[in-house]
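In UniProt numbering, the protein residues as written are 1 to 68.
As structure tokens, then:
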């Protein structure tokens with residue numbers, strides 16, 4: 001979908017769209033950032049077990065902080 005469409009969307013967006021938007025804002029501010037994809041682990045029994053046959057892939061941003 002992309003960052004701009006996620007920002008203007010009247011429909012619900014998911015982690016990938018929020019990540020795209022955050023990355024665009026960080027890059028515009030000169031902050032090094034990238035997208036990470038993986039599986040989200042939960043201890044919440046209502047959300048377990050995670051199924052590898054369903055789309056449970058999660059996306060989140062990772063930024064570089066030179067002071068840490």
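Glycine residues also receive a C-beta, built at the ideal position from the N, C-alpha and C atoms.
Residues of the same chain with a CB within less than 8 angstroms of the CB of residue 20, apart from the 5 flanking positions on each side, are 1, 2, 3, 6 and 35 in chain order. Closest in C-alpha terms to residue 38, from the list 28, 30, 22 and 60, comes 60. With contacts defined by Cβ atoms closer than 8 angstroms, residue 33 and residue 23 form a contacting pair. In the three-state scheme derived from DSSP, where H, G and I count as helix and E and B as strand, residue 11 is classed as coil. Rounded to whole angstroms, the gap between the alpha carbons of residue 66 and residue 28 is 17 angstroms.
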